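J.: Each residue of the sequence shown is one higher than the last, beginning at 15 in the numbering used here.
For every residue, glycine included, the Cβ atom is placed at its ideal position computed from N, Cα and C.
Only a predicted model underlies this, so the values are computations on that prediction, with no experimental measurement involved.
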Amino acid sequence: MPASGVRAVAIAARLSDIGLPARVEEHDRYASVQAEVPESLSDDLWREVLEVVAEADRFGLLATSLNDRTLWAVVNKAVPTTGDVGGPSHQR
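1) Which whole runs of the beta strand (DSSP E) in the segment 27 to 101 are 3 residues long or more, in chain order?
2) State yes or no: is the C-beta of Val66 within less than 8 Å of the C-beta of Arg28?
3) For Leu75, count neighbouring Cβ atoms within 10 angstroms of its own Cβ and tell me buried if that reaches 16, exposed if not.
4) Could you tell me the distance, in whole angstroms, from the CA atom of Tyr44 to the CA atom of Ser54?
Below, the structure is given as structure tokens:
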């Protein structure tokens, strides 16, 4: 598992420990973490949640008119540092 996946799994585990079961998805350029947030979350728990997602490269909260709230965090995968940056179709 890439380092981004390891970081994302660690964030998800910490969120789950707080009481927000989280899921991790691997994408081409990043790993994402998502967790549903209940309406009634104490100030102390919000602080803990923010400390956890601060470990990610980006994070946010998606709120809908149906009172659904999804916390998301993204951990970027490392950018290649070799000559392969252009991918298989890149000519040298």
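T.: Short version:
1) 36 to 40, 44 to 50, 72 to 77 and 83 to 90
2) On the sequence shown, residue 66 is found 52 positions in, with the first residue counted as 1. On the sequence shown, residue 28 is found 14 positions in, with the first residue counted as 1. A contact, by the Cβ cut-off of 8 Å.
3) In the sequence shown, the residue the question calls residue 75 occupies position 61. The residue in question, Leu75, is exposed, as its Cβ has fewer than 16 Cβ neighbours within 10 Å.
4) For this step, residue 44 is matched to residue 30 along the sequence shown. For this step, residue 54 is matched to residue 40 along the sequence shown. Spanning the two alpha carbons is a distance of roughly 30 Å.
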